[in-house]
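Peer 1: This note's numbering puts the first residue of the sequence shown at 53, with every later residue one more than the last.
Cβ coordinates follow ideal geometry from the N, Cα and C atoms, glycine included.
Before we start, here is the structure in question, set down as structure tokens.
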Amino acid sequence: GTVSVSVNMAENPGISEMKLRLHYDSSALTLEAVSTGTVFESKELTPSQNLSKNPYVIVCSSGDMINKLNNLKTGNIITMNFKVKENADYKSYAVTADIDAINIEGKKCSFTADNGSVNVVKCIHSKEWRVTTAATCEKDGTETLTCTKCSEAFETRTISAYKHKNTEVRNAKAATKNAEGYTGDTYCKDCGKLISKGKATEKLKSDVSSDKSSSSSVSASSKPDKTESTKSEDNKPSIITGKNSVFGKNSKKPLTFASDADFSEFIRVEIDGKTVEETNYTAESGSTVITLSADFLSTLTKGEHTISIVSKSGTAATEFTVEETADTQSDKSLSTADAPASKEEAKSSKASVIIITAALILAAGAVGALYFFKQRRG
53 GTVSVSVNMA ENPGISEMKL RLHYDSSALT LEAVSTGTVF ESKELTPSQN
103 LSKNPYVIVC SSGDMINKLN NLKTGNIITM NFKVKENADY KSYAVTADID
153 AINIEGKKCS FTADNGSVNV VKCIHSKEWR VTTAATCEKD GTETLTCTKC
203 SEAFETRTIS AYKHKNTEVR NAKAATKNAE GYTGDTYCKD CGKLISKGKA
253 TEKLKSDVSS DKSSSSSVSA SSKPDKTEST KSEDNKPSII TGKNSVFGKN
303 SKKPLTFASD ADFSEFIRVE IDGKTVEETN YTAESGSTVI TLSADFLSTL
353 TKGEHTISIV SKSGTAATEF TVEETADTQS DKSLSTADAP ASKEEAKSSK
403 ASVIIITAAL ILAAGAVGAL YFFKQRRG
């Protein structure tokens with residue numbers, strides 16, 4: 053371990069020059085450094101350059117060569133820093149001082165020096181691991197088990213390199229119908245190194261099959277939905293799933309609509325120009341999929357309504373119908389698919405019903421007659 057010994061002046065009768073000799077036990081102590089105190093300025097001290105010389109000698113002179121002064125200051129003269137040798141016995145080692153001093157009148161100044169000491173005792177170690185070389189993402193480090201009291205080191209161990217364990221993705225970009233996306237580059241959060249480059253992702257594709265299915269279900273006499281459209285030249289979004297859907301008030305099935313706008317641009321849902329509470333629908337990606345709950349749809353009045361899916365790039369809208377008995381999501385034109393094609397077909401259908409009814413009545417009469425005939429013969 054190391055120890056510091058301060059040489060202090062408590063009473064100063066007034067000195068001009070002083071020679072200070074410091075004695076210590078070289079078998080246990082090694083003088084490593086000497087620092088100036090407050091009584092003399094560094095320019096007024098002439099310390100020995102040989103730290104191994106014992107006694108260690110310092111010459112002090114107040115003022116300069118021409119203007120000698122009496123120094124009347126008290127306090128610290130110097131501080132000696134010793135290292136205790138490993139083979140030092142556990143005991144007290146004295147540090148003593150001899151002083152020769154005169155004032156500006158050339159008279160000798162008398163001093164009484166109290167001996168100091170360095171007590172070497174066995175340390176009751178308090179150990180902790182201290183980092184001696186910091187680890188990096190790519191290089192191992194070291195730490196040493198050290199006594200917090202005497203700084204004695206006991207063992208050293210390796211700190212494994214971090215190997216870029218904390219990473220993050222930067223520069224990621226979602227794909228849209230008009231531009232490719234990017235998965236993003238992977239960087240180390242600790243050292244900032246680029247770990248891996250990302251990849252481009254394909255542009256989003258419209259749900260063509262959904263558009264065809266919806267358009268094919270519209271009868272020749274029906275008019276196109278005034279709110280439905282494909283993306284125009286200014287790239288406004290459009291409905292790609294759920295056009296002209298029908299909801300029956302006795303149904304428990306929700307209605308689903310999809311806009312071809314990127315899901316990251318989604319803002320809100322409106323019904324007939326009024327914002328719908330988020331609790332009444334779910335929103336999912338691919339591109340922007342909105343599902344209105346059956347409970348919410350049941351609160352709407354019977355008839356046509358307009359749903360608008362509002363995104364940063366624009367609004368996609370379409371109409372849907374609320375009916376009393378319909379129970380499936382479909383295009384309005386599908387509700388007429390099972391109806392008779394013409395009045396002739398309707399008449400034919402009625403005639404069939406009458407003929408079948410008459411046949412049943414005649415058959416029942418025949419059975420009754422047969423039964424009556426058997427009864428008579430019996």
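Return the residue from the list 105, 95, 126, 75 that minimises the CA-CA distance to residue 67.
Peer 2: 126
Peer 1: If we count the other Cβ atoms within 10 Å of its Cβ and call it buried at 16 or more, is residue 349 buried or exposed?
Peer 2: buried
Peer 1: To which residues does DSSP link residue 82 through a beta bridge?
Peer 2: The bridge partners DSSP lists for residue 82 are 135.
Peer 1: How many Å lie between residue 99 and residue 152 at the Cα?
Peer 2: Residue 99 and residue 152 have their C-alpha atoms roughly 15 Å apart.
Peer 1: So the beta strand (DSSP E) residue 144 belongs to, where does it begin and stop?
Peer 2: 144-154
Peer 1: Compare the C-alpha of residue 290 against each of 341, 326, 330 and name the closest.
Peer 2: Residue nearest to residue 290 within the set 341, 326, 330 is 341 (criterion: CA-CA distance).
Peer 1: Starting from residue 350 and walking both ways along the alpha helix (DSSP H), at which residues does that stretch end?
Peer 2: For residue 350, the enclosing alpha helix (DSSP H) has its first and last residue at 346-350.
Peer 1: Buried or exposed for residue 295, please, with buried defined as at least 16 other CB atoms from any protein chain shown within 10 angstroms of its CB.
Peer 2: buried
Peer 1: List the endpoints of the continuous beta strand (DSSP E) containing residue 99.
Peer 2: 97-99
Peer 1: In terms of alpha-carbon separation, which member of 109, 239, 145, 300 lies closest to residue 129?
Peer 2: Among 109, 239, 145, 300, the Cα nearest to that of residue 129 belongs to 109.
Peer 1: Tell me, to the nearest whole angstrom, how far the beta carbon of residue 361 is from that of residue 367; I am working on the premise that it is less than 8 Å.
Peer 2: 7 Å
Peer 1: Just curious, the beta strand (DSSP E) that residue 356 is in, first and last residue?
Peer 2: Per DSSP, the unbroken beta strand (DSSP E) holding residue 356 starts and ends at 355-363.
Peer 1: Using CA coordinates, which residue listed in 83, 191, 345 is at the minimum distance from residue 332?
Peer 2: It is 345.
Peer 1: Quick check on residue 321: buried or exposed, where buried means 16 or more other Cβ atoms within 10 Å of its Cβ?
Peer 2: buried
Peer 1: Under the three-state reduction of DSSP, which class applies to residue 171: helix, strand or coil?
Peer 2: strand
Peer 1: Looking at residue 256: is its Cβ nearer than 7 Å to the Cβ of residue 228?
Peer 2: yes
Peer 1: By the DSSP assignment, the beta strand (DSSP E) with residue 71 in it spans what residues?
Peer 2: 69-75
Peer 1: First and last residue of the beta strand (DSSP E) that includes residue 239?
Peer 2: 237-240
Peer 1: Just the C-alpha distance for residue 56 and residue 203, rounded to the nearest angstrom, thanks.
Peer 2: 15 Å
Peer 1: With a cut-off of 8 Å, do at least 3 Cβ pairs link the region 137-154 to the region 171-190?
Peer 2: yes
Peer 1: Does DSSP put residue 290 in a helix, a strand or coil?
Peer 2: DSSP places residue 290 in coil when its eight states are reduced to three.
Peer 1: Per DSSP, residue 309 is paired with what?
Peer 2: 342
Peer 1: Compute the distance between the beta-carbons of residue 358 and residue 371, then report whether it is under 7 Å.
Peer 2: yes
Peer 1: Do residue 213 and residue 187 count as a contact pair if the criterion is CB distance below 7 Å?
Peer 2: yes
Peer 1: Since residue 206 is in the beta strand (DSSP E), which residue starts that stretch and which ends it?
Peer 2: 205-211
Peer 1: Could you tell me the distance, in whole angstroms, from the CA atom of residue 323 to the CA atom of residue 244?
Peer 2: 48 Å
Peer 1: Could you check what DSSP says for residue 318 in three-state terms: helix, strand or coil?
Peer 2: Under the three-state reduction of DSSP output, residue 318 falls in the strand class.
Peer 1: By Cβ distance below 7 Å, which residues in the same chain neighbour residue 220 in space, the five residues on each side in sequence not counted?
Peer 2: 239, 241
Peer 1: For the putative contact between residue 363 and residue 313, defined by C-beta atoms under 8 Å, what is the C-beta separation to the nearest angstrom?
Peer 2: 4 Å
Peer 1: Beta carbon of residue 184, beta carbon of residue 200: below 7 Å?
Peer 2: no
Peer 1: Please state the DSSP three-state secondary structure of residue 331.
Peer 2: helix
Peer 1: Which residues in the same chain as residue 137 place their Cβ atom closer than 8 Å to its Cβ, once the five residues preceding and following it in sequence are excluded?
Peer 2: 79, 80, 81, 82
Peer 1: Which of helix, strand or coil does DSSP assign to residue 87?
Peer 2: strand
Peer 1: Where do the ends of the beta strand (DSSP E) carrying residue 299 lie?
Peer 2: 298-300
Peer 1: With residue 54 as the anchor, note down where its beta strand (DSSP E) starts and where it stops.
Peer 2: 54-61
Peer 1: In the DSSP assignment, find the beta strand (DSSP E) that holds residue 108 and state where it starts and stops.
Peer 2: 108-113
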